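The next block holds one structure in the form of structure tokens; read it before the comments.
In full-length UniProt numbering, the protein residues as written are 1 to 333.
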């Protein structure tokens with residue numbers, strides 16, 4: 001394989017963009033946890049560990065109570081550099097009433113949900129300016145909130161655990177103004193994330209619909225064009241030994257392990273950094289949801305089908321603007 005190296009004359013701005021993405025990628029690959037484990041060897045670990053353990057116990061319920069965002073971190077220049085790396089654009093198609101709470105379905109998951117992170121966990125793409133009066137909460141696997149220090153890093157951006165109690169707390173908040181964003185396809189959908197793919201794991205994903213009905217929260221479909229273009233992935237067709245192993249590991253660990261690759265820090269031929277390809281995250285119009293304390297399966301199915309239809313309509317209306325061929329359509333599994 002011929003390796004293409006980055007030229008030495010790259011402007012400082014582009015180097016800063018790459019550095020911001022390096023920080024993000026390796027944070028979410030769990031290197032924060034590795035760093036913490038290495039730090040256990042330091043002499044003051046007992047003292048620091050006791051202090052942090054005390055803080056953790058006192059702060060135990062914070063993730064399930066809507067989190068603890070830190071605005072200076074959400075507004076950090078790091079995220080603006082990361083936004084410009086791709087770049088990422090948040091596209092508003094309609095107004096959202098700040099007196100209501102919303103359930104947002106984000107599609108597709110991609111390998112590392114870059115669009116969801118930048119749009120809902122930072123202010124790099126101007127969420128608060130585009131949707132004034134709304135506070136986004138992005139759901140993430142609960143296990144990540146058990147990692148010391150990394151947990152606090154996640155909370156600072158507005159991330160919350162993906163469990164029913166946390167979701168209910170956000171959607172019950174009086175006065176509205178809360179957005180609960182869910183990457184509906186989850187870790188399993190990441191195994192199908194590759195350039196040119198428009199396959200969504202949604203046919204039997206109905207929990208988010210039931211959640212919206214139980215709280216009377218409008219459903220908002222969101223499609224992130226370009227999300228699947230960021231990484232290549234080793235072929236893992238269904239039925240292959242690799243896919244079976246990935247599914248098995250997902251059942252054990254709760255996270256998927258796509259074998260992805262794209263470019264490196266100093267060369268463009270191979271590595272774990274995403275390609276510089278644009279992402280356009282399009283927010284669709286809200287679907288009105290009638291509040292039902294205990295909706296029947298038939299009612300859930302009906303609303304779920306309506307959601308799929310609105311998501312397809314959103315995709316079809318915008319796909320040609322973002323270089324998706326006219327003959328490509330969403331596929332659901």
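Ideal placement from N, C-alpha and C gives every residue a C-beta, glycine not left out.
Keep in mind the model is a prediction, meaning the values are calculated, not measured.
From the options, pick the residue whose C-alpha is nearest to that of residue i; which is it?
| i | options | result |
| --- | --- | --- |
| residue 190 | 63, 160 and 256 | 256 |
| residue 205 | 223, 78, 212 and 184 | 184 |
| residue 92 | 263, 259, 254 and 221 | 221 |
| residue 271 | 231, 78, 317 and 27 | 231 |
| residue 9 | 150, 266 and 289 | 266 |
| residue 90 | 76, 106 and 247 | 106 |
| residue 153 | 263, 28, 199 and 237 | 28 |
| residue 187 | 299, 247 and 209 | 247 |
| residue 289 | 282, 300 and 283 | 300 |
| residue 334 | 56, 330, 65 and 49 | Only positions 1 to 333 of the chain appear in this structure, which leaves residue 334 out of reach. |
Since residue i contacts residue j with CB under 8 Å, what's their CB separation in whole angstroms?
| i | j | result |
| --- | --- | --- |
| residue 158 | residue 120 | 7 Å |
| residue 263 | residue 86 | In fact, because the Cβ distance is near 13 Å, the residues do not count as touching under 8 Å. |
| residue 161 | residue 135 | Between residue 135 and residue 161 the Cβ distance is about 17 Å, and since that is not below 8 Å, they are no contact. |
| residue 102 | residue 218 | 5 Å |
| residue 115 | residue 227 | 5 Å |
Just to confirm before moving on: does the CB-CB distance between residue i and residue j stay below 8 Å?
| i | j | result |
| --- | --- | --- |
| residue 279 | residue 225 | yes |
| residue 194 | residue 233 | yes |
| residue 131 | residue 171 | no |
| residue 20 | residue 71 | no |
| residue 123 | residue 75 | yes |
| residue 211 | residue 67 | no |
If you count every other CB in all the chains shown that lies within 10 Å of the CB of residue i, and 16 or more means buried, which is it?
| i | result |
| --- | --- |
| residue 302 | exposed |
| residue 38 | Residue placement at residue 38 cannot be trusted, given a pLDDT of 43 that sits under 50; what the coordinates show is reported in the next sentence. Burial call: exposed. |
| residue 139 | buried |
| residue 32 | Because the pLDDT at residue 32 is just 45, under 50, the model does not fix this residue reliably, and the value given afterwards should be weighed accordingly. So residue 32 ends up on the buried side. |
| residue 166 | buried |
| residue 137 | buried |
| residue 213 | buried |
| residue 181 | buried |
Taking only heavy atoms of the ligand FMN into account, decide whether any of them is closer than 7 Å to the Cβ of residue i.
| i | result |
| --- | --- |
| residue 150 | In the structure on display, the ligand FMN does not appear, and there are no ligands present to speak of. |
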